[in-house]
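This report concerns only the one structure given below.
In mature numbering (1 follows the signal peptide of the UniProt record, and there is no 0), the protein residues as written are -17 to -1, 1 to 168.
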């Protein structure tokens, strides 16, 4: 009798202790698109800064569990930088991407959000990933291990080897098949 009573009282308490299943957008590549997945439990602000020859879109807030998608373009004067801001922060992290000569180029940069420190708490998210098509290079990292995967020198000095990925015909893709996925948290 006592064990049944305990079970009846303990089950609701245990249910309150169970982790909440946070909804998570499924990252799927779309040809000709850059897709930004915010899998964080909070909103982030994004602003695209395209290279010369392309027009800039309006900045926007991407809600928790939501996706922002834009057309992948070849800008005449360089790649697009997608700056991502954490609420209350003025120093963004950025994801850079673009098309040039039938190749997709992409990288991620933590230089602004950790400048002068090695503290990643000012950067949007707690885990980051960026990839192109299946046969293309992919980065996935958390905190300081991102320094091996992105521009990360906390004092914003030049790195000996810049972590930029390229993907295109050498991997068997035509320009119209290429796309980029960016994920936070």
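Yeah, the Cβ is synthetic: ideal placement off N, Cα and C, and Gly gets one too. Quick caveat, the model's predicted, so the values are computed rather than measured.
The stretch 16 to 26 makes no contact with the stretch 94 to 105; the number of CB pairs closer than 8 Å stays below 3. If you draw a 10 Å sphere on the C-beta of residue 114, you find 16 or more other C-beta atoms in it, and that means buried.
Taking a C-beta distance under 8 Å as the contact criterion, residue 162 and residue 118 do not qualify as a contact pair. Burial state of residue 69 is buried, judged by a 10 Å Cβ sphere holding 16 or more other Cβ atoms. Bounds of the alpha helix (DSSP H) holding residue 96 are 94 to 97. With a 10 Å radius around the Cβ and a threshold of 16 neighbouring Cβ atoms, residue 63 comes out buried. DSSP places residue 166 in the strand class (E or B) of the three-state scheme.
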